[in-house]
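Undergrad: In the working numbering, the protein residues as written are 2 to 114. The beta-carbon is built from N, C-alpha and C at its ideal position, and this holds for glycine as well. Sending over a structure as structure tokens; questions will come in a sec.
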């Protein structure tokens, strides 16, 4: 399966909607998107993972890298995910303590840092 990406601005946040599989083959596409957004001055990102079917360690690494990039600019990276199979990966790796995970894009956009 392929990876689909789209972005939109909601208030002062940039929402990145991700669909498909984030794995060793598709993760570089997501990394490029996150790097480009930060380079263009978007430091408050919301990654909507509701359309993600699969996430591996490479994908986790890209998300952590994105978080480091935005934090270097006093920014934030919030995730939107309600799928148990994806949430389990964040819990097992301890990344639920690193990423704010929300149940909707609206919640993530309205959350304060």
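Compare the beta carbon distance of residue 63 and residue 32 with 7 Å and say whether it is the shorter of the two.
TA: yes
Undergrad: Is residue 85 helix, strand or coil by DSSP?
TA: Here DSSP, grouped into helix, strand and coil, assigns residue 85 to helix.
Undergrad: Spell out the partners DSSP gives residue 23 in its beta bridges.
TA: Beta-bridge pairing links residue 23 to 56.
Undergrad: Select from 44, 12, 70, 54 the residue whose C-alpha is nearest the C-alpha of residue 21.
TA: The option with the nearest alpha carbon to residue 21 is 54.
Undergrad: May I have the straight-line CA-CA distance separating residue 104 from residue 3, to the nearest angstrom?
TA: 24 Å
Undergrad: In or out: residue 58 buried (at least 16 other Cβ within 10 Å) or exposed?
TA: exposed
Undergrad: Could you tell me whether the Cβ atoms of residue 79 and residue 109 are closer together than 7 Å?
TA: yes
Undergrad: Please state whether the Cβ-Cβ distance between residue 91 and residue 97 is less than 7 Å.
TA: If you check the CB distance, residue 91 and residue 97 come in under 7 Å.
Undergrad: For residue 35 versus residue 15, is the C-beta spacing smaller than 7 Å?
TA: Annotated as distal: residue 35 and residue 15, with beta-carbon spacing of 7 Å or more.
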